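Numbering of the sequence shown is given in numbering that gives the first Met the number 0, commencing with residue 0 and proceeding in unit increments. For every residue, glycine included, the Cβ atom is placed at its ideal position computed from N, Cα and C. Remember, predicted model here, so these are calculated numbers, not experimental data. Have a look at the structure below before the remarks.
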Amino acid sequence: MEKGPFSVEWLAQSSRGGAREMSGECQGFPTSPSVPTDPPRDGEAAERSSPGHEAEPGGGTVPGRSRTKFSAAQLQELERSFREQRYIGAGEKRRLAAVLNLSQSQIKTWFQNRRMKFKRQTQDAR
């Protein structure tokens with residue numbers, strides 16, 4: 000069977016970093032794991048961090064992004080925008096990300112978390 004573009008084997012190869020020759024396979028499945036087992040190095044984590052990211056002292060042992068410490072000015076602008084509209088649009092998300100020097104993912108996540116906080120507050124008030 001020919002392994003053309005967008006076949007399961009081709010996609011698996013693409014996700015591992017390239018179109019290398021598929022040798023040592025049994026019935027079309029790779030013999031090596033498709034997920035790297037090495038933990039990220041400290042330098043790699045530092046390269047992925049963005050402004051506003053600092054490690055929280057005494058935090059969990061789960062590797063990955065550290066908790067974002069928003070400045071008072073960032074929180075003020077985010078809260079102002081949330082009061083105007085609870086669901087942020089793409090244009091406003093881009094604008095806030097540029098103005099606050101944060102990523103669009105951080106803005107999106109902040110709004111998701113803020114909506115959950117709002118929901119808890121309104122349910123507790125009943």
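Own chain residues within Cβ distance below 8 Å of residue i, not counting five before or after
i	result
Glu-76	Leu-95, Val-98 and Leu-99
Residue i, enclosing alpha helix (DSSP H) - first and last residue
i	result
Arg-64	First-last for Arg-64: undefined, no H or E at that position.
Ala-72	71-83
Ser-102	Neither: Ser-102 is in no alpha helix (DSSP H) and is coded neither H nor E.
CA-to-CA distance, residue j to residue i, given in whole angstroms
i	j	result
Gly-90	Glu-78	17 Å
Ala-71	Ala-124	26 Å
Phe-69	Ser-80	15 Å
Gln-73	Gln-122	27 Å
Phe-5	Ser-65	35 Å
Same chain, Cβ closer than 7 Å to residue i, neighbours up to 5 away in sequence not counted
i	result
Ile-106	Ile-87, Lys-92, Leu-95 and Ala-96
Helix, strand or coil at residue i [DSSP, three-state]
i	result
Ala-89	helix
Arg-125	coil
Phe-110	helix
Phe-5	coil
Ala-54	Only weak support exists for where Ala-54 lies, its pLDDT of 49 falling under 50; the value from the coordinates is given anyway. It is coil, neither helix nor strand.
Cβ pair residue i, residue j closer than 8 Å
i	j	result
Arg-85	Arg-119	no
CB contact below 8 Å: residue i versus chain B
i	result
Ala-71	Among the protein chains of the structure shown there is no chain B, as only one such chain exists.
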